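Engineer: There's a structure below that I have some questions on.
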Amino acid sequence: MKKRSETARGRLMDRASLISSAKEVVAANGETFYQGASQISLASHPPFERWDNWVELDSKEWPKRTERHYSLVPTTCFNCESACGLLAYVDKDTGLIRKFEGNPEHPGSRGKNCAKGPATLNQVMDPDRILYPLKRAGKRGDGKWQRVSWDEVLDDLGKRIRLAITEDRKDEVVCHIGRPGEDGYTERVLASWGVDGHNSHTNVCSSAGRAGWHYWTGMDRPSADFANADVIFLTSAHLETGHYFNPHAQRITEARQRGAKLIVVDTRLSNTATHADYWLSPYPGSESAINLAIANYLLQNDLFDREFVRRWWNWQEWMEDAHPDKEATFESFLNELRATYQDFTFEFASRESGIKESVLAEVAAVVATAKSKFASHIWRSAAAGNLGGWQISRTMLLVNALLGAIATEGGTYPNAWNKFVPKPIYVPPHPDVWNELSWPSEYPLSMNEMSFILPHLIEEGRGKLEVYFTRVYNPVWTNPDGMTWIDVLLDESKIGCYVALTPTWNETAYFADYVLPMGHASERHDLASYEQYDGQWVAFRQPVLRTYRNQNGEEITDTRVSNPGEVWEENEFWIELSWRIDPDGAMGIRKFHESQIRPGEKLTVEEYYSYIFENSVPGLPEMAEKEEVTPLRYMQKHGAFEVTKKVGKRYEEIIPASELDDTVTNDHGRIYTRTPKPPNPNIAPTGDPDPDEDGRRPVGVEVDAELLRGFPTPSGKLEFYSKTLADWGWADQAIPWYIKSHIHPDNLSDGQMVLISTFRLPVQVHTRSANSKWLDEIAHTNPVWINPVDAERLGIKETSLIRVNSEIGYFVAKPWITEGIRPGVVACSHHMGRWKLSEDVNSYMMRTASIESSGDDRRLVPKAAPKPFESNDKDTTRFWWQDVGVHQNLIFPVHPDPVSGMHCWHQAVRVELAQPGDTFGEVYVDRSMSKEVFRRWLELTRDAYTVSPDGTRRPRWLMRPLKPTKAASMLPPRD
Amino acid sequence: MSALSSDRSSKRGIARVDFSPAELAGYAQIAAALAEVAEASSLGEELSASLGVAGVSASDLYQLFVNELPPFASIYLSSDGNIGGNSRSVIAGFYSALGIPTPSDPDHLASLLRLLSGILNKEAELAGAGSNPEDESRLASVSRARSVLVNDHLAPWLPAYLLRAEEVAPRPLLGWVSCALDLLSVMVGERQYVVPGPRAYDEKLAEPGSSSELISWITTPGRSGIIVTHWDISNLAELLGMALRVGRKRFVLEELWAQGGTEVAGCIEAMAVRQMKLFDENIGDFPSLQAWSDKAAGTQQLLATLAGM
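Have a look at this one:
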């Protein structure tokens with residue numbers, strides 16, 4: 000037989016010639032000949048060139064092989080803070096979204112998603128979602144609703160807000176934001192109304208973590224370069240749930256593959272801890288002691304970056320203020336520094352944390368090996384749990400600052416340098432009023448609004464609200480002390496009109512006057528940019544079907560047309576509402592919501608984003624031109640754009656001579672200039688240090704005779720010593736230090752344990768994800784983690800019911816006996832224990848309950864477990880779980896940290912077996928106790944009236960979402 | 000540019016190489032195109048037409064590369080017939096030895112063909128660069144890498160795979176199979192020694208203790224020397240008039256065996272004979288098929304014994 004190889008060479012060369020020719024033709028058209036993998040690896044994605052007509056086999060029709068043709072439209076996930084890229088698969092036959100997968104064009108998430116991304120489909124298709132504007136029909140809280148038109152809603156709200164503004168009741172208009180998922184749109188709307196009405200969730204979330212960073216750097220969070228680190232130090236659960244966890248987890252994994260060491264500090268055995276080289280399970284609140292012991296080890300053994308400390312710490316200020324009797328030389332400083340921290344030994348840290356000295360010493364030695372490749376991260380976690388939690392963040396950064404691992408490859412960056420917030424078409428001036436309900440004088444250093452004590456302040460008679468919006472937020476459930484929220488929401492003399500902007504039912508919306516349906520990830524416009532690696536990107540969230548239908552010849556100019564029912568998006572809602580408030584433009588509001596290209600007409604979202612993409616995102620217009628599309632179209636097609644990467648050490652940048660007009664340099668090297676700030680399309684927020692007495696702006700800092708950009712702090716350097724804290728009454732906490740938490744053993748009574756209540760589960764996100772059947776099937780309950788030693792001591796078995804008693808009440812839960820939690824500590828996860836007061840609302844995750852009030856007693860009484868229901872989705876008749884956990888936050892009194900303002904979540908509790916008659920999921924709260932605890936914590940504060948060094952309400956250089964004018968920032972005379 | 004013609008035989012019997020730079024570049028082009036087809040779920044028109052697979056659909060690609068013959072080397076080389084394991088690790092080690100990143104599926108045919116394409120391109124570049132001692136040395140290294148890739152990581156399984164693919168592939172994909180056979184035959188053409196088979200080839204055929212063990216043996220190509228596809232099993236069920244269940248091949252065969260083990264054994268014996276013949280006919284092009292043929296013969300003998308009991 001003739002061998003194949005004898006004739007094959009000729010055939011092959013002919014074939015090669017054909018392939019080469021075809022390849023050249025395709026390349027000449029600017030397309031890709033080899034379009035890539037799509038089935039052999041999870042990392043593979045449909046090649047961009049084929050997004051307009053992507054073909055897949057229909058999995059539901061297997062084994063029949065039916066092809067489905069899709070148009071792939073990118074958008075941005077809205078299910079947590081990460082803003083990962085999604086690709087919506089729009090079925091060309093039905094015009095409906097069939098699934099969501101990752102967007103490989105997104106530089107942060109790089110095509111990968113956690114379970115919450117694809118589960119967006121459940122939320123879009125949720126048979127029980129709110130589709131039309133609803134108005135309360137009975138008394139507030141009766142649960143009776145009638146459908147109304149958007150016009151009716153807008154007219155009513157426009158009138159109420161207009162009156163509040165014109166009658167000088169500007170502080171009666173407040174918008175309470177959950178996870179924003181966008182960069183500043185709502186803030187600018189409120190600024191355009193001239194109200195100081197921004198109220199964020201941040202003081203129940205991350206403000207303590209932010210505060211520690213902000214006092215050091217003038218920026219408010221870490222951006223760790225995990226991928227290039229040699230040692231990663233997490234006081235968080237970043238491989239499963241931490242901040243920006245999907246983009247971060249994939250980069251931590253890359254580092255681990257390279258051999259980087261992973262150190263996880265978490266009292267609970269998280270999934271992240273299971274992957275660690277070192278898992279430290281400290282007594283809660285002792286994390287600062289560990290950080291300081293590591294810092295002390297670096298100092299005493301001369302393992303720190305001496306030059307970095309000399310050049311970039313504000314050590315001179317500390318020497319002058321704290322050690323005026325000593326010579327202000329660097330060597331003298333080092334001596335004082337070593338002496339200051341010498342008592343933070345491993346023995347001390349071991350005593351506080353319960354971790355062996357030898358383990359702490361070993362970890363410290365590993366940290367020292369990292370040098371400038373030390374990536375650390377903290378966000379909520381311990382910082383959010385403890386009195387003085389902000390010092391946990393501050394002491395962690397001390398380790399970075401000693402190693403010189405600030406904005407280095409493999410180190411930790413300040414977030415603002417890894418973030419790009421493009422300047423929009425209008426930037427309204429900041430308001431000329433100060434809202435004392437959000438920024439009371441007792442908390443002058445609070446990082447964010449004191450939103451979680453709002454109902455207490457209103458109850459005290461400090462003010463009332465005419466219009467109160469919650470936007471994708473659920474304070475009754477999410478905030479501590481929800482019963483107080485309910486009491487205040489039910490009182491129409493305190494809150495005139497409560498408006499819930501929400502895609503789905505939640506516990507707070509039940510008490511609303513209007514429930515207004517807002518879109519999910521594929522049903523709204525937003526821009527997002529978050530610090531996830533050493534680079535800057537912007538991502539575009541868009542109403543997918545609006546874009547798809549416009550691509551196919553329709554002209555949709557209102558997102559409601561393409562969304563289900565009359566579901567809207569906030570941007571268009573805010574524009575429309577602003578016009579109703581100021582219909583003729585006389586109030587000066589309308590001009591910020593008018594078209595520039597069609598004067599006198601409303602601004603459209605197309606014009607808004609076109610302006611940004613054409614004018615404020617460097618490099619985007621050029622990229623769009625290469626594809627022969629507009630910048631807006633480019634973003635509609637790709638969903639994200641990387642502005643820059645490898646940002647590097649911004650603080651070492653030399654200031655150009657063009658910025659140095661008539662400069663003055665103070666004794667510490669801070670340089671002030673007459674040159675106006677050059678235009679910058681990136682308006683990512685940072686600290687804004689005050690000008691000098693002659694009005695020159697701070698431009699940089701002189702270091703070793705070089706004029707460098709420095710940090711946005713008053714000194715221009717890293718503020719190891721926070722003169723701000725010292726000047727505002729906290730000189731005892733002005734350097735990184737250890738504060739004994741409110742749940743420190745010294746502060747517990749006999750028999751009390753610590754409850755950790757803040758940890759997230761990988762597949763849920765607060766209450767936002769509750770209408771996703773896929774996620775709910777995976778995680779729907781929250782048993783209380785308890786160590787076997789404690790369980791045996793208390794007579795608790797797996798089948799027991801237990802009572803967990805706080806200062807103000809108790810809840811009844813099920814235990815989970817596990818060695819994943821240390822003795823003396825119990826833990827209960829976030830997200831669970833959802834409830835509804837009406838049988839009319841269906842849910843996979845909410846039990847039906849009633850609220851019973853008697854005097855100061857409040858009870859949440861379970862009535863019925865979730866049960867299957869008929870709908871157009873057959874799965875609603877099939878779901879099998881009935882245990883949806885317990886709403887623990889109701890029994891947490893407010894614990895505002897006197898410095899950062901953060902709610903300190905950890906609780907001192909007594910755990911016992913349930914009593915006869917107790918029901919699983921039941922909650923009891925004593926409102927008189929909740930008021931007493933609020934007042935007790937208020938006594939910890941140092942009021943601006945007492946400590947303000949200059950008569951202002953708050954240091955003006957600190958970041959603030961809305962920054963009132965200087966006049967409004969002055970403390971008014973007290974009555 | 001002159002044709003490269005040098006005897007690069009080594010202690011491992013590396014073949015003579017006499018491809019011109021143009022040929023090397025052409026083969027690289029073909030390997031890349033073949034790789035694209037092996038991993039795509041649908042193809043661009045230009046690529047399909049130039050490779051001779053015009054009209055191929057997503058369904059065709061699914062049928063061959065997902066359903067009938069998943070192109071992972073480990074399935075055909077391992078002792079358990081599954082994806083992954085030691086066979087995959089051995090191939091992954093080859094990437095490491097070359098100092099290039101290991102892809103997520105190192106033993107997938109697309110990965111291997113893409114690697115071959117890269118090596119051929121490099122060879123073409125060096126071969127066309129003129130002669131200096133440094134380039135000659137690098138060229139020798141690259142040629143050696145190609146030879147190892149072809150003879151150690153492709154030749155032990157790909158000929159058997161492609162010959163079976165020629166029988167079960169949807170019609171539009173026959174051009175791909177033919178082209179791949181051509182390329183492989185040229186690449187292994189000058190091989191002067193018999194490829195030592197993977198360890199699974201050397202194991203003795205044990206007396207199976209149960210029908211389950213026997214079916215496991217039959218559906219493990221590295222042990223049985225035959226490649227059984229869903230298409231084969233479906234034909235077998237139809238021939239015997241048996242009810243066909245849906246599921247993994249082992250499960251489906253077990254269900255058929257329960258309906259008539261002797262008859263099923265007889266059919267598979269015939270299958271082994273036929274595949275043995277197929278391999279024998281192609282040993283001239285692909286010497287590694289000798290090992291497959293020997294294994295198939297052993298399987299045939301065992302099944303003949305069972306069928307006669």
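Residue numbers (numbering that gives the first Met the number 0), protein chains in the order written: chain A, 0 to 974; chain B, 0 to 308. The beta-carbon is built from N, C-alpha and C at its ideal position, and this holds for glycine as well. Note that the structure is predicted; figures quoted are calculated from it, not measured.
#1: Would you mind telling me which residues of chain B sit closer than 9 Å to V25/A, beta carbon to beta carbon, in chain order?
#2: Distance, Cα to Cα, E701/A vs G668/A?
#3: Confirm the yes/no value for this check: CB of S392/A, any heavy atom of the ligand NAD, distance under 7 Å.
#4: With distances taken Cα to Cα, identify the nearest neighbour of L183/B among S292/B, H229/B, L112/B.
#5: Taking its Cβ as the centre, do 16 or more other Cβ atoms sit within 10 Å of G638/A, making it buried, or is it exposed?
#6: Taking the alpha-carbon of N313/A as reference, which of R267/A, P713/A, I555/A has the nearest alpha-carbon?
#7: Name the chain A residues whose beta carbon is nearer than 8 Å to that of I232/B?
#8: Would you verify that the beta carbon of V54/A is, or is not, closer than 8 Å to some beta carbon of chain B?
#9: Note down the Cα distance separating S116/B from I82/B, rounded to an integer number of angstroms.
#10: Straight-line CA distance for G43/B to F919/A?
#11: When you compare the CB of S95/B with every CB in chain A, is at least one pair closer than 8 Å?
#12: At the level of alpha carbons, what is the spacing between A415/A and I99/B?
#13: Closer than 7 Å, Cβ to any Cβ of chain A: which residues of the region 17-45 of chain B, in chain order?
#14: Taking the alpha-carbon positions, what's the A118/A to D92/A distance?
#15: At a Cβ threshold of 8 Å, is I129/A touching chain B?
#16: I'd like to know if R97/A contacts chain B, where contact means its C-beta is closer than 8 Å to some C-beta of that chain.
#17: For H894/A, which option in V203/A, S4/A, D533/A, S968/A has the closest C-alpha, if you only look at C-alpha atoms?
#18: Mind checking L213/B: buried by the 16 CB within 10 Å criterion, or exposed?
#19: Determine, using beta carbons only, whether D181/B comes closer than 8 Å to chain A.
#20: Taking all protein chains shown into account, decide if H68/A is buried (16 or more other Cβ within 10 angstroms of its Cβ) or exposed.
#21: Given a threshold of 16 other Cβ atoms within 10 Å of its Cβ, counted over all protein chains shown, does F250/B qualify as buried or as exposed?
#22: Please go through the same chain and pick out, in chain order, the residues whose beta-carbon is closer than 8 Å to the beta-carbon of R159/A, but skip the five residues on each side of it.
#23: Would you report the Cα separation of L707/A and I670/A, rounded to the nearest angstrom?
#24: I'd like to know whether the C-beta of Y33/A is nearer than 8 Å to at least one C-beta of chain B.
#25: Using a Cβ-Cβ cut-off of less than 9 Å, give me the residues of the region 560-587 of chain A that come near chain B, in sequence order.
#26: Assign W311/A to one of two classes, buried (16 or more other C-beta atoms within 10 Å of its C-beta) or exposed (fewer than that).
#27: Given that a residue counts as buried once 16 or more other Cβ atoms are within 10 Å of its Cβ, and exposed if not, what is Q300/B?
#28: Flag E66/A as yes if its beta-carbon sits less than 8 Å from any beta-carbon of chain B, otherwise no.
#29: Which residues in chain B sit within 7 Å of L17/A, going by Cβ to Cβ distance?
#30: Drop a sphere of 10 angstroms on the beta-carbon of V230/A, count the other beta-carbons inside from all chains shown, and report buried for 16 or more, exposed for fewer.
#31: Can you find a C-beta in chain A that's less than 8 Å from the C-beta of D293/B?
#32: Can you find a CB in chain B that lies within less than 8 Å of the CB of K2/A?
#33: Between the Cα of P814/A and the Cα atoms of R821/A, I807/A, F345/A, V825/A, which residue gives the shortest distance?
#34: Whose CA, out of A254/A, I742/A, P62/A, P423/A, lies closest to the CA of R244/B?
#35: CB-CB under 6 Å to Y425/A, same chain, minus the five flanking residues each way: which ones, in chain order?
#36: In three-state terms, what does DSSP make of I738/A?
Structural biologist: Put simply:
#1: Chain B residues near V25/A: G43, E45, L46.
#2: The C-alpha of E701/A lies about 5 Å from the C-alpha of G668/A.
#3: The ligand NAD is not among the ligands present in this structure, which contains no ligands whatsoever.
#4: Answer by Cα proximity: L112/B.
#5: Counting the other CB atoms within 10 Å of its CB gives G638/A a total of 16 or more, which places it among the buried residues.
#6: Nearest option by C-alpha distance: P713/A.
#7: Under the 8 Å cutoff, chain A gives no residues; its nearest Cβ is about 14 Å from I232/B.
#8: V54/A has a beta carbon lying within less than 8 Å of a beta carbon in chain B.
#9: If I take the Cα positions, the gap works out to 23 Å.
#10: Roughly 59 Å separates the two Cα atoms.
#11: No, because no Cβ of chain A sits closer than 8 Å to the Cβ of S95/B.
#12: Annotation: A415/A to I99/B spans about 36 Å, alpha carbon to alpha carbon.
#13: Residues passing the 7 Å Cβ filter: E22, G25, Y26, Q28, I29, A31, A32, E35, E38, A39, S40, S41, G43, E45.
#14: So the alpha carbons of these two residues sit roughly 22 Å apart.
#15: I129/A does not count as touching chain B.
#16: Cβ-Cβ to chain B under 8 Å: no for R97/A.
#17: Nearest to H894/A by alpha-carbon distance, out of V203/A, S4/A, D533/A, S968/A, is V203/A.
#18: Classification for L213/B: buried.
#19: Yes, D181/B counts as interfacial toward chain A.
#20: Exposed.
#21: With fewer than 16 other Cβ atoms within 10 Å, it is exposed.
#22: Counting only Cβ-Cβ distances below 8 Å, and skipping sequence neighbours, we find E465, V466, G495, C496.
#23: Approximately 9 Å between the Cα atoms of the pair.
#24: Any Cβ of chain B closer than 8 Å to the Cβ of Y33/A would place that residue at the interface, and such an atom is present.
#25: Correct list: empty, as no residue qualifies.
#26: By the neighbour-count rule (16 or more Cβ atoms within 10 Å), W311/A is buried.
#27: Looking at its Cβ environment, which holds fewer than 16 other Cβ atoms inside 10 Å, Q300/B is exposed.
#28: Answer yes: the Cβ-Cβ gap between E66/A and chain B drops below 8 Å somewhere.
#29: Residues of chain B whose Cβ lies closer than 7 Å to the Cβ of L17/A are, in chain order, S49.
#30: It is buried - the Cβ of V230/A has at least 16 other Cβ atoms within 10 Å.
#31: For D293/B, the answer is no, since every Cβ of chain A falls outside 8 Å of its Cβ.
#32: Interface residue, yes.
#33: Checked all of R821/A, I807/A, F345/A, V825/A; the closest Cα to P814/A is V825/A.
#34: Cα-wise, what sits closest to R244/B is P62/A.
#35: Excluding five sequence positions before and after Y425/A, the CB atoms of its chain that fall closer than 6 Å to its own CB belong to F591, given in chain order.
#36: In the structure shown, I738/A adopts coil according to DSSP, grouped into three states.
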